[in-house]
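Structure follows, in structure tokens:
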């Protein structure tokens with residue numbers, strides 16, 4: 001059960017994704033897309049299908065605050 005009706009679920013997801021993208025644009029458009037869209041959708045589906053709590057979101061945000069998004073850059077480009 002959520003506070004958003006089933007009818008408006010996808011509108012709320014699209015709007016929250018747009019907001020998340022827009023307030024991460026200071027990190028550059030590519031990383032704003034990664035954080036806003038890819039991470040956002042990943043956590044949405046993880047929340048809906050697997051864990052049913054926000055702990056993974058808080059842990060990932062804490063790791064991003066401690067190590068920065070440059071950690072993702074290093075992990076993605078490790079072999080190149």
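Numbering (full-length UniProt numbering), first residue to last: 1 to 80.
For every residue, glycine included, the Cβ atom is placed at its ideal position computed from N, Cα and C.
With fewer than 16 other CB atoms across the displayed protein chains lying within 10 angstroms of its CB, residue 50 is exposed. Take the alpha-carbon of residue 54 and the one of residue 73: they are about 25 Å apart. Excluding its 5 nearest sequence neighbours in each direction, residue 25 has C-beta neighbours in its own chain below 6 Å: 32, listed in chain order. Our two residues, residue 15 and residue 77, have alpha carbons roughly 31 Å apart in a direct line. One thing to note: residue 21 has its Cβ within 8 Å of the Cβ of residue 37.
For residue 35, same chain residues with a beta-carbon under 6 Å away, outside a window of 5 residues either side, are 24 in chain order. When rounded, the separation of the alpha-carbon atoms in residue 39 and residue 61 is 10 Å.
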